[in-house]
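Below is one structure, written out as structure tokens, with a few remarks after it.
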Amino acid sequence: MTGSSGSGLRNYAIVTAAYWGFTLTDGALRMLVLFTFFQLGYSPFTLAFLFLLYEAAGIGANFIGGWLAARYGITRMLTVGLVTQIAGFLLLSAASPEWGSTLLVTWVLLAQGVCGVAKDLTKTASKSAIKITESQAGGQAEGRLFKWVAWFTGSKNAMKGVGFFLGGLLLQLVGFRYGLWLMAGALFLVMLGVVFSLPAMMGKAKASASARELFAKSKGINLLAAARVALFGARDVWFVVGVPVFLYASGWTFTMVGAFLALWTIGYGLVQAAAPALVARSPDGLSREVPAARWWSLGLALVPALIAAALALAPPDPTLVLVIGLGVFGVAFAVNSSVHSYLVLAYAGSEKAAEDVGFYYAANAAGRFLGILASGFLYQFGGIYACLLGSALMLFLCWLITLALPTRADSPRPTVRAAH
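According to this note's numbering, numbering within the sequence shown proceeds without interruption in unit steps and concludes at 405.
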């Protein structure tokens, strides 16, 4: 192994480990907030509302984070993301039920917004680093970028599932405030590891000089961003409110619901990591992968529609139908997400990979935000059926968008002269 390839693999491992640590605490945070405020008597719809700013903040954080990572380096932005998450934890730990409902919900909403910024700054920096470290590894190993992206994304989501368990455990053993303090301390150690282990200027490039230039993305990036909005909106339109409320209303305890969602997320992450074995790879990185994205999108669109049809037949155990259906959905969704995450890096230019990734994951955050909004609205007026049909429609739109994806590398993005 040459020094360059060894350095690339080492940096990839460090970034992955750092993001594991971040994701573990991020998953735990969701359970800490969810369980604590459920115990305080807040409705499921209020609980969903607490996470809206968390998702909304990610839209701007991803977009500007990509530009900042290109301008100041990925290592610095990864550090900023970790520090911001620590600040969010400390803000949340100051919250007290004695404040009254309005002040408490407002405080938690704002603190969640800080954590949302942290999450997406860290995600953009970490996923941009994959493109850089894979290039540093040298050589033309077929499918290596796909494997690295799949392993990174899949292991991250498996770690998030473990975080769900960690959040419940911390709440039970030490409580809300001390749990947040422990996680803040753990992230501080992770941040020190990043600062002293990664090259300070990793990923630094000439950032776009104007907003017009920043938006001058290639056709592949633009189409993938649009597909990502529909893809993640289709997941959260029934996963965030519809599934938990339906299962709880069907007699499940909140602990059972939380454990199921954690196991689903872990399984989803494992499938993501295995996605390269399920998708045929091509020497050019696109000619087989893009058709795979189309077929998997179409198959995924059929799943929620079939689940809704099965529930409409009034089965003896509707929860069993939903659980099995969600398992099938998780497999197909994981492969779709992994292929899309790979394609955005395949289309991205190395020079401004961080900006391309930031733009793409801003669309991801927008999809989650729209999905959460639609989830509460559709469940209130049409129950789980409306959520499932809304998901199917979004996924059908995602499939239509993938039909236009280019199967060859995009031509270089147009040069836009900055205004003087």
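Every residue, glycine too, gets a C-beta built ideally from N, C-alpha and C. Fair warning: this is a prediction, and the values are worked out from it, not measured in the lab.
Item: Can you give the Cα-Cα distance for Ile386 and Tyr364, rounded to whole angstroms?; Value: 27 Å
Item: Please state the DSSP three-state secondary structure of Ser267.; Value: coil
Item: Three-state secondary structure (DSSP) at Trp133?; Value: helix
Item: Does the count of Cβ pairs from the region 163 to 180 and the region 66 to 79 closer than 8 Å reach three?; Value: yes
Item: Just to confirm my understanding: we take Leu37, look at its own chain, exclude 5 residues before and 5 after, and list those with CB closer than 8 Å. What are they?; Value: Leu94, Phe354, Ile357, Leu358
Item: Kindly indicate which residue of Leu283, Lys108, Thr304 has the alpha-carbon position closest to the one of Asp341.; Value: Lys108
Item: For Thr392, does the count of other Cβ atoms within 10 angstroms reach 16, so buried, or fall short, so exposed?; Value: exposed
Item: Measure the C-alpha to C-alpha separation of Ile481 and Gly178 and round it to an integer number of angstroms.; Value: No information on residue 481 is available, as it lies outside the stretch -14 to 405 that the chain covers here.
Item: DSSP three-state label for Thr238, please.; Value: coil
Item: Assign Phe22 to buried or exposed, taking buried as 16 or more other Cβ atoms, counted over all protein chains shown, within 10 Å of its Cβ.; Value: buried
Item: Buried or exposed for Pro300, going by 16 or more other Cβ atoms inside 10 Å?; Value: exposed
Item: Measuring only the C-alpha atoms, how far is Phe173 from Ile71?; Value: 7 Å
Item: For Thr392, which three-state DSSP category applies?; Value: coil
Item: How big is the Cα-Cα spacing for Leu283 and Phe381?; Value: 7 Å
Item: For the pair the region 246 to 253 and the region 270 to 283, tell me if three or more CB-CB distances fall below 8 Å.; Value: no
Item: Just to confirm the assignment: which complete alpha helix (DSSP H) runs, minimum length 4, are found wholly within the region 2 to 51?; Value: 29 to 35
Item: Quick check on Ala299: does DSSP put it in helix, strand or coil?; Value: coil
Item: Among Leu328, Gly43, Ala171, Leu255, which residue has its Cα nearest to the Cα of Ser272?; Value: Leu328
Item: Once the 5 residues before and after Lys132 are set aside, which same chain residues still bring their CB inside 7 Å of it?; Value: Pro261
Item: In terms of residues, what are the limits of the alpha helix (DSSP H) holding Trp166?; Value: 160 to 182
Item: Which residue wins for smallest C-alpha separation from Asp269, given the options Tyr332, Ser203, Gly361, Leu305?; Value: Tyr332
Item: Is Ala13 buried or exposed, if buried means 16 or more other CB atoms sit within 10 Å of its CB?; Value: buried
Item: Nearest by alpha-carbon distance to Ile49: which of Val324, Met144, Ala347 is it?; Value: Ala347
Item: Please return the same chain residues whose Cβ sits closer than 8 Å to the Cβ of Val306, not counting the five positions on each side in sequence.; Value: Ile292, Ala295, Leu296, Pro300
Item: Who are the Cβ neighbours of Ser376 in its own chain at under 7 Å, not counting the five residues just before and after it?; Value: Ala219, Val222, Trp223, Pro289
Item: Look up Arg273 in the DSSP assignment and say whether it is helix, strand or coil.; Value: coil
Item: Take the Cβ of Ser86 as the centre, count every other Cβ of all protein chains shown within 10 Å, and call the residue buried at 16 or more, exposed below.; Value: exposed
Item: Between the beta-carbon of Val0 and the beta-carbon of Ala46, is there less than 8 Å?; Value: no
Item: Can you grab the Cα-Cα spacing for the pair Asn349 / Tyr370, in whole Å?; Value: 24 Å
Item: Inspect the beta-carbon positions of Thr304 and Lys145 and report whether they are closer than 8 Å.; Value: no
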